[in-house]
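Q: In this note's numbering, the protein residues as written are 448 to 867.
Structure incoming, see below.
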Ligand SMILES: Cc1cc2nc3c(=O)[nH]c(=O)nc-3n(C[C@H](O)[C@H](O)[C@H](O)COP(=O)(O)OP(=O)(O)OC[C@H]3O[C@@H](n4cnc5c(N)ncnc54)[C@H](O)[C@@H]3O)c2cc1C
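Next comes the structure, spelled out in structure tokens:
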């Protein structure tokens with residue numbers, strides 16, 4: 448079978464794949480995107496960050512997203528018994544910029560981005576599962592099977608792996624390294640009729656602090672609320688991860704009981720392991736990884752979609768430069784890899800802190816000296832990358848959390864301390 452010829456092959460049509468493909472097509476490249484599912488398809492990851500807004504604007508999808516989804520103006524951290532809470536409105540961040548984001552139904556959101564890629568000229572092929580790839584000094588090839596059973600072969604100058612947690616390339620090359628300190632499971636569903644705040648706080652994400660893990664409560668459009676629990680394996684205590692598990696855990700929280708009083712579950716109970724990992728290499732000769740295919744960090748700060756998309760924009764710039772130079776070796780993409788490692792690294796440190804009680808205690812009672820609270824708010828909005836003014840304050844916040852371990856700077860959370 449003769450391979451069809453393109454300039455760039457993107458495998459995976461999630462937010463990272465759709466973004467890199469759209470950007471490259473707009474820069475004049477001949478791009479094909481293979482997505483194994485037929486959209487719309489379910490995906491977890493519903494809470495977005497304000498820093499994504501300029502990216503949506505650049506892609507040209509902002510008006511469509513405003514029409515479809517609930518705005519999110521802030522995040523709150525709250526204890527299971529609802530006695531202590533802290534609200535972080537994005538408008539109070541250190542960095543000026545967008546003060547809102549969206550809470551989205553991912554099936555719909557991902558579809559908007561993928562349709563937009565097709566509009567930009569990307570040859571989008573859904574139901575196209577890539578099973579093999581090969582790269583050498585001259586070209587990149589992939590092959591796979593369509594839903595119809597038909598086989599396909601594609602050839603291009605460059606391959607982008609955007610396969611999310613499936614990590615096609617890193618998996619096959621044995622590059623994926625698990626983060627042994629962040630090994631959690633997650634169980635979640637959707638409810639109708641759950642209580643929510645009103646006014647500008649309606650779309651706030653609530654992060655509910657359990658002794659061993661945490662819950663997300665994400666209000667969506669049409670009276671739906673996404674609820675999910677994330678915790679280390681030991682919190683399972685031999686129980687099956689099913690609806691009774693979810694009910695038992697909800698019953699242990701005054702905050703969640705109150706929110707869900709009178710609500711009904713309207714989606715299946717789903718589970719996913721959300722172990723964090725990173726690929727030892729993210730670029731090679733004629734290939735690179737974007738989004739979750741490159742690295743994934745625990746979802747507590749809702750960074751996945753934003754980091755995947757901003758990385759995809761960076762990747763598109765680097766790939767375009769390579770076309771201009773006519774050179775596609777790993778060294779040409781080293782800058783992109785360093786940038787991803789640095790950006791994700793900042794968030795990874797903050798996420799690790801979140802699983803330490805002394806850190807969360809401070810998050811509930813942040814000092815506003817030196818505008819530390821504003822810096823944390825900006826980090827939560829997505830400004831954790833390329834901002835020195837945020838970075839040094841966040842580093843100081845982490846140092847204060849260490850100090851809080853031995854010298855109380857904030858009220859203790861006994862449940863979390865005992866479980867640590
Ligand atoms: C429990 C949990 C909660 C989360 N919550 C949030 C949140 O609130 N906010 C947030 O921003 N992020 C969240 N995330 C992270 C977020 O889901 C991901 O970071 C994001 O979806 C990554 O986008 P992506 O485009 O890299 O990959 P994906 O969105 O996973 O897209 C990859 C695509 O590739 C396709 N694919 C895979 N293999 C192949 C193949 N062989 N051939 C063709 N196609 C293929 C898949 O079908 C899929 O459509 C959460 C993650 C978890 C686990």
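In this text, a Cβ means the ideal position worked out from N, Cα and C, and glycines have one as well.
Fair warning: this is a prediction, and the values are worked out from it, not measured in the lab.
Do the segment 544 to 563 and the segment 485 to 505 touch if we need at least three Cβ pairs shorter than 8 Å?
A: Short answer: they touch.
Q: When you measure from the CB of residue 490 to every non-hydrogen atom of ligand 3, does any distance come out below 7 Å?
A: Of the ligands one can find in the structure shown, namely ligand 1, none is ligand 3.
Q: What do you get for residue 669, buried or exposed, if any count of 16 or more other CB atoms within 10 angstroms of its CB means buried?
A: The residue in question, residue 669, is exposed, as its Cβ has fewer than 16 Cβ neighbours within 10 Å.
Q: For the alpha helix (DSSP H) holding residue 697, just list the boundary residues, first then last.
A: First-last of the alpha helix (DSSP H) with residue 697: 690 to 698.
Q: For residue 582, verify whether its CB is less than 7 Å away from any heavy atom of ligand 1.
A: No, Cβ of residue 582 sits at least 7 Å from all heavy atoms of ligand 1.
Q: Which parts of the segment 493 to 548 are runs of the alpha helix (DSSP H), unbroken and 4 residues or longer, counting only runs that do not cross its ends?
A: For the segment 493 to 548, whole alpha helix (DSSP H) runs of length 4 or above, ordered along the chain, are 500 to 506, 509 to 515.
Q: How would you call residue 812, buried or exposed, if buried means at least 16 neighbouring beta carbons within 10 angstroms?
A: Flag for residue 812 reads exposed.
Q: Would residue 807 and residue 826 be called neighbours here (beta carbons separated by less than 8 Å)?
A: No, these two residues do not count as a Cβ contact at 8 Å.
Q: Is any non-hydrogen atom of ligand 1 found closer than 7 Å to the C-beta of residue 569, if you look at the structure I gave you?
A: No, Cβ of residue 569 sits at least 7 Å from all heavy atoms of ligand 1.
Q: From residue 805 to residue 585, what does the alpha carbon distance come to, in whole angstroms?
A: Rounded to whole angstroms, residue 805 to residue 585 spans 53 Å at the Cα level.
Q: Verify the contact flag: residue 753, CB atom, against every heavy atom of ligand 1, threshold strictly below 7 Å.
A: At least one heavy atom of ligand 1 is nearer than 7 Å to the Cβ of residue 753, so yes.
Q: So does the segment 556 to 568 actually touch the segment 455 to 466, counting three or more Cβ pairs closer than 8 Å?
A: Yes, the segment 556 to 568 touches the segment 455 to 466.
Q: Mind checking residue 854: buried by the 16 CB within 10 Å criterion, or exposed?
A: It is exposed - the Cβ of residue 854 has fewer than 16 other Cβ atoms within 10 Å.
Q: Beta carbon of residue 851: closer than 7 Å to some heavy atom of ligand 1?
A: For ligand 1, not one heavy atom lies less than 7 Å from the Cβ of residue 851.
Q: Nearest to residue 629 by CA position, among 682, 619, 799, 620, is which residue?
A: It is 799 whose Cα lies nearest to the Cα of residue 629.
Q: Going by alpha carbons, who is nearest to residue 627 out of 728, 523, 723?
A: Of 728, 523, 723, the residue nearest in Cα terms is 723.
Q: Have a look at 602, 451, 593, 639 and flag the residue whose alpha-carbon is nearest the alpha-carbon of residue 666.
A: Taking only the C-alpha atoms, the option nearest residue 666 is 639.
Q: Is the closest heavy atom of ligand 1 to the C-beta of residue 470 under 7 Å?
A: No.
Q: Once you ignore the five residues that flank residue 809 on each side, which residues in its own chain have a CB closer than 8 Å to its CB?
A: Hits under 8 Å: 844, 847, 848, 851, 856, 857.
Q: Is residue 746 buried or exposed, if buried means 16 or more other CB atoms sit within 10 Å of its CB?
A: Residue 746 comes out buried.
Q: Would residue 739 and residue 611 be called neighbours here (beta carbons separated by less than 8 Å)?
A: Closer than 8 Å, so yes.
Q: Have a look at residue 540 and residue 838 and give me their C-alpha separation to the nearest angstrom.
A: Roughly 13 Å between the two C-alpha positions.
Q: Between the beta-carbon of residue 730 and the beta-carbon of residue 781, is there less than 8 Å?
A: Closer than 8 Å, so yes.
Q: Give a yes or no on whether the C-beta atoms belonging to residue 448 and residue 572 are separated by under 8 Å.
A: Their beta carbons are not under 8 Å apart, which means residue 448 does not touch residue 572 by this criterion.
Q: Taking the alpha-carbon of residue 672 as reference, which of 684, 656, 636, 694 has the nearest alpha-carbon?
A: When only C-alpha atoms are compared, the closest one is 636.
Q: Should residue 566 be labelled buried (16 or more other beta-carbon atoms within 10 Å of its own) or exposed?
A: Label assigned to residue 566: exposed.
Q: How long is the line joining the alpha carbons of residue 817 and residue 824, rounded to whole angstroms?
A: Their backbone Cα atoms lie some 13 Å apart in a straight line.
Q: So for residue 776, helix, strand or coil by DSSP?
A: It is coil, neither helix nor strand.
Q: In three-state DSSP terms, what is residue 841?
A: The answer is helix: DSSP assigns residue 841 an H, G or I state.
Q: Answer yes or no: do residue 650 and residue 536 have a C-beta to C-beta separation smaller than 8 Å?
A: No, Cβ-Cβ distance for residue 650 and residue 536 is not below 8 Å.
Q: Is any heavy atom of ligand 1 found at a distance shorter than 7 Å from the C-beta of residue 610?
A: Yes, the Cβ of residue 610 comes within 7 Å of a heavy atom of ligand 1.
Q: Using a threshold of 8 Å, state whether the C-beta atoms of residue 737 and residue 564 are closer than that.
A: Not in contact: residue 737 and residue 564 (Cβ atoms no closer than 8 Å).
Q: Just to confirm, is the Cβ distance from residue 614 to residue 624 under 8 Å?
A: No, Cβ-Cβ distance for residue 614 and residue 624 is not below 8 Å.
Q: If you run the structure through DSSP and keep just helix, strand and coil, what is residue 769?
A: The answer is helix: DSSP assigns residue 769 an H, G or I state.
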